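Written below as structure tokens is the structure these notes are about.
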Amino acid sequence: MADSALAPTAGDRWALFLDIDGTLLEHHKDPTGVVVDDELRDLLANLDRQLDGALALISGRSLASIDTLFQPLRLRAGGLFGIELRLSPDEPAVAAEEPPALATLAERAQAELGHAPNIVIERKGPVLAIHTGPHPDGLEHITRLAKSALPGLPAGYRVVEGNVGVELLPAQALKGDAVHRFMATPPFQGRRPIFIGDDVPDEHAFESVHGLDGISIKVGRPEQATAALHALADVAAVRAWLGDPQFPLLDKLVRREVTAAAQAG
Numbered sequence: 023m024a025d026s027a028l029a030p031t032a033g034d035r036w037a038l039f040l041d042i043d044g045t046l047l048e049h050h051k052d053p054t055g056v057v058v059d060d061e062l063r064d065l066l067a068n069l070d071r072q073l074d075g076a077l078a079l080i081s082g083r084s085l086a087s088i089d090t091l092f093q094p095l096r097l098r099a100g101g102l103f104g105i106e107l108r109l110s111p112d113e114p115a116v117a118a119e120e121p122p123a124l125a126t127l128a129e130r131a132q133a134e135l136g137h138a139p140n141i142v143i144e145r146k147g148p149v150l151a152i153h154t155g156p157h158p159d160g161l162e163h164i165t166r167l168a169k170s171a172l173p174g175l176p177a178g179y180r181v182v183e184g185n186v187g188v189e190l191l192p193a194q195a196l197k198g199d200a201v202h203r204f205m206a207t208p209p210f211q212g213r214r215p216i217f218i219g220d221d222v223p224d225e226h227a228f229e230s231v232h233g234l235d236g237i238s239i240k241v242g243r244p245e246q247a248t249a250a251l252h253a254l255a256d257v258a259a260v261r262a263w264l265g266d267p268q269f270p271l272l273d274k275l276v277r278r279e280v281t282a283a284a285q286a287g
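Here the numbering used here is used: the first residue of the sequence shown is 23, the next is one more, and so on.
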């Protein structure tokens, strides 16, 4: 039976926000090794038409990376956790710059960790990611290294520990802020948001959509504390739910037990 809080009304119009890695695509130890299949590309294009354009990808990837991944499809998107924001698919992907202190840290990380198996260091302008893959080894050491570097970075930088590595992010890298900026502009304005994500940086977006009478959906890892109120088991379940002819068929969502939110990121 559908949760009464989720029951759609005749006036409901939806806005859809989607994380990419771990939500639409399986995690890969090297983000550049991911490939988008035609089925997913067609699914997103159909949803974008169905929602009159009120669909956006919000990812830790840069806008340029998102465009390369999904080409020739171009969607509204928030790259680098919302630092790079494209409110219209016709806008160019403008890259954010890498601060000199972060560049120095990236070179140090490459020297110390670049030889290690399963470690991938990704420089994304103002964001530095150190990926350990789906079965991380040495994550504790990498986290210590990242945290020890914070005093040398611009004010506001923080370390976010994710499911497959760590990322150093500036203060403005918040997915929930990106959601609010989209929701203040057409075609999102006046709609009810749905956010689907799988990792710690998605927690801020879950909290944000709650404040907008929206739907939060956590993918996988049922034991992980989260602010999300609903769940889908894995990437395959996300794609099946999004592809349902009656999307959003809300009674197919699993209601989570309310737990303490993971640290927002």
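Idealized CB from N, CA, C, for every residue including glycine. Keep in mind that this is a model prediction, so the values were computed, not measured.
Expected contact under 8 Å - CB spacing of residue i and residue j to nearest Å
i	j	result
leucine 190	valine 201	Their Cβ separation, rounded to whole angstroms, is 22 Å, which puts leucine 190 and valine 201 out of contact at 8 Å.
alanine 117	serine 87	Their Cβ separation, rounded to whole angstroms, is 10 Å, which puts alanine 117 and serine 87 out of contact at 8 Å.
aspartate 39	alanine 67	The residue you asked about is not aspartate; residue 39 is phenylalanine in the sequence shown. Wrong, their Cβ atoms sit about 17 Å apart, outside the cutoff.
leucine 234	leucine 175	Rounded, the Cβ-Cβ distance is 32 Å, inconsistent with contact.
proline 215	glycine 187	Contact doesn't hold; Cβ gap of about 28 Å is too wide.
For residue j and residue i, the rounded distance between their alpha carbons
i	j	result
arginine 35	glycine 75	12 Å
histidine 137	isoleucine 143	11 Å
threonine 45	isoleucine 80	11 Å
glutamate 225	threonine 248	7 Å
isoleucine 106	proline 94	In the sequence under discussion, the amino acid at residue 106 is glutamate, which differs from the isoleucine named in the question. For glutamate 106 and proline 94, the distance between alpha carbons rounds to 19 Å.
valine 241	leucine 102	20 Å
proline 209	aspartate 52	34 Å
arginine 120	lysine 146	A quick correction: the sequence has glutamate, not arginine, at residue 120. Cα to Cα, the separation comes out at about 7 Å.
proline 270	leucine 62	17 Å
alanine 177	arginine 261	39 Å
proline 148	glutamine 268	40 Å
serine 230	glycine 212	15 Å
arginine 277	glutamate 134	44 Å
lysine 274	aspartate 89	31 Å
aspartate 41	phenylalanine 217	8 Å
glutamine 132	glutamine 72	44 Å
leucine 272	alanine 255	15 Å
alanine 250	glycine 184	16 Å
histidine 232	glycine 265	24 Å
alanine 259	isoleucine 239	12 Å
threonine 126	threonine 207	38 Å
Whether residue i touches residue j by CB criterion (7 Å)
i	j	result
valine 56	leucine 47	yes
proline 111	arginine 96	yes
glycine 82	aspartate 199	no
Backbone secondary structure at residue i - three-state DSSP
i	result
valine 231	helix
phenylalanine 217	strand
aspartate 52	coil
valine 58	coil
serine 81	coil
histidine 153	strand
arginine 203	helix
threonine 281	Residue confidence is low: threonine 281 scores 47 on pLDDT, short of 50, so the model does not pin down where it sits. No coordinate-derived value is stated.
histidine 252	strand
arginine 243	coil
arginine 108	strand
arginine 180	strand
isoleucine 237	strand
glutamine 147	Here residue 147 turns out to be glycine, not glutamine, going by the sequence shown. Coil.
aspartate 43	strand
alanine 168	helix
glycine 212	coil
arginine 98	strand
glycine 174	helix
leucine 271	coil
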